[in-house]
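Visitor: First to last, the sequence lines map onto chains A and B. Per the numbering used here, numbering of the first sequence is gapless, rising by one per residue and ending at 487. Per the numbering used here, numbering of the second sequence is gapless, rising by one per residue and ending at 487. All C-beta atoms, glycine included, are put in the ideal place defined by N, C-alpha and C.
There are 2 protein chains.
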Amino acid sequence: MIGILIFPDFQLLDAAGPISVFEVAARCTGKTLALRVLAAGAGLVRSSSGVEMMARDFKSANAITTLVIAGGAGVADAARCEVTRAFVQRLARRGVRVASVCSGAYVLAEAGLLDGRRATTHWGRTRDFVARYPKVKFEPDQIFTRDGNVWTSAGITAGIDLALAMVTEDHGEEIAQQAARQLVLYHRRSGGQSQFSSLLELKHRPAASARCCPGRAKISTRR
Amino acid sequence: MIGILIFPDFQLLDAAGPISVFEVAARCTGKTLALRVLAAGAGLVRSSSGVEMMARDFKSANAITTLVIAGGAGVADAARCEVTRAFVQRLARRGVRVASVCSGAYVLAEAGLLDGRRATTHWGRTRDFVARYPKVKFEPDQIFTRDGNVWTSAGITAGIDLALAMVTEDHGEEIAQQAARQLVLYHRRSGGQSQFSSLLELKHRPAASARCCPGRAKISTRR
């Protein structure tokens, strides 16, 4: 069972991207998608776009083996929420694969799950994140990172890349490729997030080759 | 006001992609997002992933100037629904910019809005679509098309590209670029949808250069 964690003022695409990846991948494998959207308060949860999504509470999360935490404008409150933090910590202790999209990394960081681990977040959050969580091995120019059971992604659409990598882990390259084709997407995009960020370009000055040349996506993994 | 049309068994990302593009673009312009999710029946609408999104009925659509129709497994019923067809036709007659994502093109086609117009849809639907709607000037290898006020896109994530092009039209290149960066996306991706489709590769055999080399996205526009 996959859990998608949202909160008031979450970014809709942070949640919907991975949901659709897992949905399409399940169809490619011929299996039924087992996925639940979860929030600290069950019911309709309003995204920062104003569009509302239905969520269940954390009690229905017993069967979850992968948790993906959305980011968004409301993430600071979500990261401070003790119920949410305790829930994420409990799942991580149980060995669940936990992941964040975009600024969802703040929830993982506040839960202490990124201390000593490699992680990334949206390029626009880099400075704040690094100052706030000095124990995190922050990697600014990744589309996503993986450090053991804890995954993090860059901003918004990078959650799609992260979910496709999880599909590769769970079902292999062929299914992930099929899912990417259905979604009309590259299975792995080339370069890091700096190519999408005028800020990171200025601050980190990646080599021109890293920004322009095709190749494997910049992904940081340690199993 | 932007309207996003959904229906039972819609594809969540078909709707959420454009919604987030318009949301982020509005933030870049400093304006409040004016957007509504609409369905023939107001209330919770279940996507094919099982995740539910809240929608209003068509009565609340008076101020709409852009309508984006999602695709998905339930599109055949939506395209057959007289209330939905009449609604889309009414908006088009009023000069509203109407668009489809993925198989949402079936709704436009059934409403007669694609007759004599260039259009595209998900690569997996090509054969059926062409057989069913011979009056459409079908373009199989586009990420999106525009023919006057009627826009269509390829599958699922191509709705994001389509929405970014609308942002370019409404707010200019600079805002669209900023929105793409926030979303961690290319403003325009290179090549057509055949690069993502083993089916189209086999059937249409695009030149190798069209599949591998960077450049402008394949977009068909006629104003």
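Under 8 Å between the Cβ atoms of S364(B) and I407(B)?
Guide: Here the question's residue 364(B) lines up with position 100 in the second sequence. Here the question's residue 407(B) lines up with position 143 in the second sequence. No, these two residues do not count as a Cβ contact at 8 Å.
Visitor: Looking at the structure shown, is I283(B) part of a helix, part of a strand, or coil, going by DSSP?
Guide: Locating residue 283(B) in the second sequence gives position 19, where the first residue counts as 1. In the structure shown, I283(B) sits in a helix (DSSP, three-state: H, G or I).
Visitor: List, in order along the chain, the chain B residues whose C-beta lies closer than 8 Å to that of A418(A)?
Guide: Position 154 of the first sequence, counted from the start, is the residue given in the question as residue 418(A). Those within 8 Å of A418(A) in chain B are V448.
Visitor: On the CB-based measure, 16 or more other CB atoms within 10 Å of its CB, does G227(B) come out buried or exposed?
Guide: Outside the shown range of chain B (265 to 487) lies residue 227(B), about which nothing can therefore be said.
Visitor: Where are the beta strand (DSSP E) runs, 3 residues long or more, that stay fully inside the region 348 to 376 of chain B, in chain order?
Guide: If we require 3 residues or more, the beta strand (DSSP E) runs fully inside the region 348 to 376 of chain B come out as 361 to 364.
Visitor: Report the neighbours of G314(A) on chain B: residues whose CB is nearer than 7 Å to its CB, in chain order.
Guide: The count along the first sequence starts at 1 and reaches residue 314(A) at position 50. Residues of chain B passing the Cβ test: L297, L299.
Visitor: Could you give the C-beta distance for F393(A) and G338(A), rounded to a whole number, given that I count them as a contact under 8 Å?
Guide: Along the first sequence, one-based indexing puts residue 393(A) at 129. Along the first sequence, one-based indexing puts residue 338(A) at 74. Wrong, their Cβ atoms sit about 16 Å apart, outside the cutoff.
Visitor: Residues of chain A with CB closer than 9 Å to the CB of S367(B), please, in chain order.
Guide: Counting from one through the second sequence, the residue named residue 367(B) turns up at place 103. Correct list: empty, because the minimum Cβ distance to chain A is about 12 Å.
Visitor: Whose C-alpha, out of E346(B), M430(B), R320(B), R391(B), is nearest the C-alpha of A290(B)?
Guide: Position 26 of the second sequence, counted from the start, is the residue given in the question as residue 290(B). When each option's Cα is compared against that of A290(B), the closest is M430(B).
Visitor: Using a Cβ-Cβ cut-off of 8 Å (strictly less than) and excluding sequence neighbours within five positions of S324(B), which residues of its own chain qualify?
Guide: Along the second sequence, read from residue 1 onward, the residue named residue 324(B) stands at position 60. Hits under 8 Å: R300, L302.
Visitor: Beta-carbon within less than 6 Å of S313(A)'s beta-carbon, same chain only, minus the 5 sequence neighbours each way: which residues are those?
Guide: For the purposes of this step, residue 313(A) is identified with residue 49 of the first sequence, where counting begins at 1. Answer for S313(A): L276, listed in chain order.
Visitor: Under 7 Å, CB to CB, which of the residues in the region 278 to 290 of chain B have a partner in chain A?
Guide: Listed by position, the residues of the region 278 to 290 of chain B near chain A (Cβ gap below 7 Å) are A280, G281, I283, S284, E287.
Visitor: To the nearest angstrom, how far is it from the Cα of L428(A) to the Cα of G305(A)?
Guide: Numbered from its first residue, the first sequence carries residue 428(A) at position 164. Numbered from its first residue, the first sequence carries residue 305(A) at position 41. For L428(A) and G305(A), the distance between alpha carbons rounds to 28 Å.
Visitor: Express the C-alpha separation of T409(B) and L372(B) in angstroms, rounding to a whole number.
Guide: Here residue 372(B) refers to the residue found at position 108 when the second sequence is read from its first residue. Here residue 409(B) refers to the residue found at position 145 when the second sequence is read from its first residue. Taking the straight line joining both Cα atoms gives about 13 Å.
Visitor: Going by the beta-carbon positions, is the gap between G421(A) and V352(B) smaller than 8 Å?
Guide: The residue given as residue 421(A) occupies position 157 in the first sequence. The residue given as residue 352(B) occupies position 88 in the second sequence. A small fix is needed here, since residue 421(A) is Thr in this sequence, not Gly. No, Cβ-Cβ distance for T421(A) and V352(B) is not below 8 Å.
Visitor: Let me know the secondary structure DSSP gives I333(A) once reduced to three states.
Guide: What you label residue 333(A) is simply residue 69 of the first sequence in a count that begins at 1. Here I333(A) sits in strand by DSSP.
Visitor: Under a three-way DSSP split, which group does R389(B) fall into?
Guide: Residue numbering aside, residue 389(B) sits at position 125 when the second sequence is read from its first letter. Three-state DSSP puts R389(B) in a helix.
Visitor: Let's test the definition: count the other Cβ atoms within 10 Å of the Cβ of R361(B) and tell me whether it reaches 16, buried, or not, exposed.
Guide: Start at 1 with the first residue of the second sequence, and residue 361(B) comes out as number 97. Under this definition R361(B) is a buried residue.
Visitor: Taking Cβ-Cβ distances shorter than 9 Å, what residues in chain B pair up with Q457(A)?
Guide: Here the question's residue 457(A) lines up with position 193 in the first sequence. V448, listed in chain order.
Visitor: Please decide whether T421(A) counts as near chain B, where near means a Cβ-Cβ distance under 8 Å.
Guide: Locating residue 421(A) in the first sequence gives position 157, counting from the first residue. So yes, T421(A) belongs to the interface.
Visitor: Using beta carbons (cut-off 8 Å, strictly below), is Q275(A) in contact with chain B?
Guide: Stepping through the first sequence from its first residue, residue 275(A) is reached at position 11. Closer than 8 Å to some Cβ of chain B, the Cβ of Q275(A) qualifies, so yes.
Visitor: Going by other Cβ atoms of all chains shown within 10 Å of its Cβ, with 16 needed for buried, is E287(A) buried or exposed?
Guide: Locating residue 287(A) in the first sequence gives position 23, where the first residue counts as 1. Its Cβ being crowded by 16 or more others within 10 Å, E287(A) is buried.
Visitor: A375(B) to L331(A), Cα distance in whole Å?
Guide: Here residue 375(B) corresponds to residue number 111 of the second sequence, with the count starting at 1. Here residue 331(A) corresponds to residue number 67 of the first sequence, with the count starting at 1. So the alpha carbons of these two residues sit roughly 41 Å apart.
Visitor: Indicate the three-state DSSP secondary structure (helix, strand or coil) for I439(A) in the structure shown.
Guide: As a first step, residue 439(A) must be located in the first sequence, where it is residue number 175. It is helical.
Visitor: Can you tell me the Cα-Cα spacing of Q457(B) and A418(B), whole angstroms?
Guide: Taking the second sequence and counting its residues from 1, one reaches residue 457(B) at position 193. Taking the second sequence and counting its residues from 1, one reaches residue 418(B) at position 154. If I take the Cα positions, the gap works out to 7 Å.
Visitor: In its own chain, which residues sit with a C-beta less than 7 Å from the C-beta of D425(A), not counting the 5 before and 5 after it?
Guide: As a first step, residue 425(A) must be located in the first sequence, where it is residue number 161. Answer for D425(A): I407, F408, S417, R453, A481, listed in chain order.
Visitor: Can you check whether the C-beta of L428(B) is within less than 8 Å of a C-beta belonging to chain A?
Guide: The residue labelled residue 428(B) in the question sits at position 164 within the second sequence. It does not; no Cβ of chain A falls within 8 Å.
Visitor: Take the Cβ of P390(B) as the centre, count every other Cβ of all protein chains shown within 10 Å, and call the residue buried at 16 or more, exposed below.
Guide: The sequence position of residue 390(B) within the second sequence is 126, counting from 1. Reading off the sequence shown, one finds Thr at residue 390(B), where the question assumed Pro. So T390(B) ends up on the buried side.
Visitor: Among the residues of its own chain, which have a CB less than 7 Å from the CB of V400(B), if the five just before and after it don't count?
Guide: Position 136 of the second sequence, counted from the start, is the residue given in the question as residue 400(B). Closer than 7 Å at Cβ, skipping near neighbours: A373, L378, D379, R381, A383.
Visitor: Sort out for me which residues DSSP pairs D379(A) with in a bridge.
Guide: Mapped onto the first sequence, residue 379(A) falls at position 115. The partner list for D379(A) (beta bridge, DSSP) reads V400(A).
Visitor: Would a check of beta-carbon distances place L269(B) closer than 8 Å to chain A?
Guide: Taking the first residue of the second sequence as position 1, residue 269(B) is located at position 5. Answer no: the Cβ-Cβ gap between L269(B) and chain A never drops below 8 Å.
Visitor: Would you say C345(A) and Q442(A) are within 8 Å of each other, going by their C-beta atoms?
Guide: Numbered from its first residue, the first sequence carries residue 345(A) at position 81. Numbered from its first residue, the first sequence carries residue 442(A) at position 178. In this structure, Q442(A) does not lie closer than 8 Å to C345(A) by Cβ.
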